[in-house]
Every structure is written in C-alpha cells, then in structure tokens.
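For the sequence shown, the working numbering begins at 665 and goes up steadily by one. Beta carbons are placed, not taken as given, at the ideal position from N, Cα and C, and that holds for glycine. What follows is one structure encoded as structure tokens, with my remarks underneath.
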Amino acid sequence: MPFPDIDPIAFAIGPFAIRWYALGYLFGVGLGAAYGYRLLANTRLWHKGQPPFPAKDIWDFAFWTMLAIVLGGRIGYVLFYNLPYYLSNPLEIINTLDGGMSYHGGMIGLMVAVILFTRKKQGNWLSGLDLIASVSTIGIFLVRIANFINSELYGAPTTAPWGVIFPTDPLQEPRHPSQLYEAALEGLLLFLVIRIFTHVFYSLRRPGLVAGVFGIGYGLSRIAVEFVRLPDPQLGYLYGTGWITQGMVLSVPMVVAGIGLIIYAATRKESAIRG
665 MPFPDIDPIA FAIGPFAIRW YALGYLFGVG LGAAYGYRLL ANTRLWHKGQ PPFPAKDIWD
725 FAFWTMLAIV LGGRIGYVLF YNLPYYLSNP LEIINTLDGG MSYHGGMIGL MVAVILFTRK
785 KQGNWLSGLD LIASVSTIGI FLVRIANFIN SELYGAPTTA PWGVIFPTDP LQEPRHPSQL
845 YEAALEGLLL FLVIRIFTHV FYSLRRPGLV AGVFGIGYGL SRIAVEFVRL PDPQLGYLYG
905 TGWITQGMVL SVPMVVAGIG LIIYAATRKE SAIRG
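So, in structure tokens, the structure goes:
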C-alpha cells in the first residue's frame, strides 16, 4: 500500500512551520482538558461526589500538563533510549528538533504533575491519576497518527495487504503501520474500555481503579505492538533475544502497577478512601 500523500508540515506562516506532530500534542492536551472538564463537572461519577479538583481548574492543569509531557518525554528519551550519546553531547539534550521523546517519560512527568496539582487543591491524588487515565488516550491517539504522518516509528517488513511503504524507509519495502496499531489499541480501544469503566461501572468511585485499568491496557497494547515495531536503532533488540525491546521492558512495570492499583482499589475498606 503506498504511503498517503500527507505533508508532515500542517501549515507554514512565513519561516515558521507548524507540524502535525506539534498539533497532535496541542490538540491532545486541549481535547483532553475539555473531556476532563466534563468528567470533573459530573460529580456523581466520583467517590462521595468529590472529584480530585474543581472542574474550572482543569485549564490551569492543562498548562502543567504540557510542561510535564514535554519535560518528562524528553528526559525519559535521554535516560531510557540514548543516554551514552547525550552524556557525550550534553547540549543536544535541549535540542528537541531531533524528535527524541519517550511516551513512558511523558507519562511519568504527567503523573508527577497531577499528583502535585491535586495535592495543592487538597484532593485525592489517586482520583487525579484516574482523571489523566481517562483523558490521556485522546492525546495518545492523535500523536500516534502524527507519527504515521511523519513516517516514523514504523514496523517490521510484512507481506500483509495493509503493509505500507514509508518514504523514509531506505529499503522501500512494505512494513507494518505500527503507529496505526498503537493509535487503535492504546488510543481508541482503550478510551472506549475506560469509558465503560467510568460511566457504566462507575469505577471513578473507587480511586485508583481506572488508573489501574489504564496501566494494564496501555502496557499490554504496547507490548503486543512492539512485536512488529522496529526497535530504536541505537538500542536494537535487548539481551540478544531478537524480540525484546526497550518499549516492552518499560511497559511491564505499567502492567504490574496497574494490577496493584486495581487490587488496592477493589479491596480497601471504605474508611480508607479519603482525599
């Protein structure tokens, strides 16, 4: 299947070019905040009718979110994916034009931000984690679509009829569109699953449970896609296995933490659920 004729640059104003990748982050945060506002305003969804912070404060938190994602994503990429290079070239750490961003680092940054923000508002920080778990799939979906448009993070060669020939591939052979797999699994499907938990099972009334569902759902989805996604060239496959990737290794703790959160949320006594 030929690659769609989509310019990675959405539009340009004079010498300034706006890329779809940047818009993916921007609209991910904006739409996530709008959806988060609706969740926070619907107090009957939350334990004892108390969301982690008032709905009107979501726009302040959106600013925290953008900083946390960018800083966490960049620091995560430096630490997890290319530390030797950046130790030798420390000034390159601030050069984000090379595209080096780590999802797992961005998520850690986002978790720290929501915990600090929620505690500042004297809310339940576990409910804060539930909030970002409920909305972050929107951003994941949009950024993975942007990865596809950028012709980056593509998969291994395939004979499947939906294999895509990416313009940046030096071999010019059909490959798994792993970005679209991740958009579908980590973005769309996980959003629908979490929506069922929040609005059918009212799981936000058990602080930490929705965050646990997200951790398991994202971790398993990412691990599954990593089997057909090419690893970062500077790392390759780990431990000489020919199949274990850094993405898999970083996703396993998410699954374990998710299981722990669900067990904790489902078994703790009512008296222990406090802000």
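For Arg783, the enclosing alpha helix (DSSP H) covers residues Tyr767 to Lys784. Selection Arg738, Pro679 and Met730 evaluated against Leu695 yields Met730 as nearest (Cα-Cα). Here the region 780-787 does not lie against the region 672-679, with fewer than 3 beta-carbon pairs under 8 Å apart. No Cβ-Cβ contact shorter than 8 Å links Ala820 with Leu902. Here Tyr701 is near Ala719, since their CB atoms are less than 8 Å apart.
Taking the C-beta atoms as reference points, Val807 is found no nearer than 8 Å to Phe667.
Three or more Cβ pairs closer than 8 Å define a contact, and the region 790-801 meets that threshold against the region 858-874. Of the residues Ala921, Thr931, Leu687 and Met912, the one whose Cα lies closest to the Cα of Phe744 is Met912.
Under the three-state reduction of DSSP, Gly696 is assigned to helix. Separation of the CB atoms of Ile802 and Tyr699 is rounded to 6 Å, and the pair is thereby assigned contact status at 8 Å.
At a Cβ-Cβ threshold of 8 Å, Tyr818 and Phe830 count as neighbours. Taking the CA atoms as reference points, Gly692 sits about 13 Å from Ser798. Ranking Leu704, Ile757, Gly881 and Pro679 by CA distance to the CA of Met918 puts Gly881 first. Judged by DSSP in its simplified three-state form, Gly872 adopts coil rather than helix or strand. If you draw a 10 Å sphere on the C-beta of Gly736, you find 16 or more other C-beta atoms in it, and that means buried. In terms of CA proximity to Arg932, Arg869 leads the group Phe727, Arg869 and Asp724.
Counting along the chain, Ala847 sits inside no beta strand (DSSP E), nor does DSSP assign it H or E at all. Only residues of its own chain outside the window of five on either side were considered, and among them Ser842, Tyr845, Glu846 and Leu849 have a CB closer than 7 Å to the CB of Val889, listed in chain order. Separation of Leu914 and Met665 (C-alpha to C-alpha, rounded to the nearest whole angstrom) is 32 Å. In the structure shown, Phe675 adopts extended strand secondary structure according to DSSP, grouped into three states. Distances from the alpha-carbon of Leu747 to those of Ile927, Val920, Gln898 and Ile908 put Gln898 closest. For the region 680-756, the full-length beta strand (DSSP E) segments reaching 3 residues or more read 680-683 along the chain.
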